[in-house]
Amino acid sequence: MRRARILVLAAAAAASLMMSPAAQASQDGQTACMAERPGYRFIYPCSTSVMDADWTGDGRPDESFFIEVGKVMHVWPGHQPVQLTNGVADKMVGAYRKPSSRQVKAISGGRYRCVSYRVPEGWSYWYSC
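For the sequence shown, the positions run -25 to -1, 1 to 104 when mature numbering (1 follows the signal peptide of the UniProt record, and there is no 0) is used.
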């Protein structure tokens, strides 16, 4: 009886791995979707949208941003999604290329918040904008 239960559980686990990412539920109960970009792909909550940034101006996304349980996440070629400098937000607004930096804008608690990237310093802290 115990062996049969283990086999059933193993079969159920294997079946869930074979489901498309769009049909899988994440740990927080949200449905997960798959996004593919040139050079990278990633899973994000279907309940949010993905904002792509074309930092080089070649018409291809170089980095993608999305909200996962209130956290601002970003992903780029060769990397897994990570939280962007402890950023929290409700919605992504835009990604802007400036002469000396890159800027990402989001809405958090009804206010605009931004974070900038400068070489060689890296990402700044979030600030009102």
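Cβ coordinates follow ideal geometry from the N, Cα and C atoms, glycine included.
Item                                                                                                         : Value
Limits of the unbroken beta strand (DSSP E) element including His49                                          : Lys46 to Val50
Start and end residues, beta strand (DSSP E) containing residue 108                                          : Outside the shown range of the chain (-25 to 104) lies residue 108, about which nothing can therefore be said.
Contact check, Glu43 vs Ala28, beta carbons under 7 Å                                                        : no
Start and end residues, beta strand (DSSP E) containing Lys66                                                : Lys66 to Arg72
Alpha-carbon to alpha-carbon, Asp65 and Arg88                                                                : 11 Å
Tyr19, enclosing beta strand (DSSP E) - first and last residue                                               : Tyr15 to Pro20
Outcome for Val90 when other beta-carbon atoms lying within 10 angstroms are tallied against a minimum of 16 : buried
Ile104, enclosing beta strand (DSSP E) - first and last residue                                              : For the record, residue 104 in the displayed sequence is Cys; it is not Ile. Cys104 -> no beta strand (DSSP E), and no H or E assigned at all.
6 Å CB neighbourhood of Pro56 in its chain, flanking five on each side removed                               : Phe17, Met48 and Val50
Nearest to Glu11 (by Cα), restricted to the options Arg35, Thr31, Gln5 and Ser22                             : Arg35
Bridge-paired residues (DSSP) for Gln5                                                                       : The partner list for Gln5 (beta bridge, DSSP) is empty, contrary to what the question assumes.
According to DSSP, residues forming a beta bridge with Gln78                                                 : Tyr71 and Ser91
Candidates Trp30, Asp33 and Gly45, of which the one nearest Thr23 by Cα                                      : Gly45
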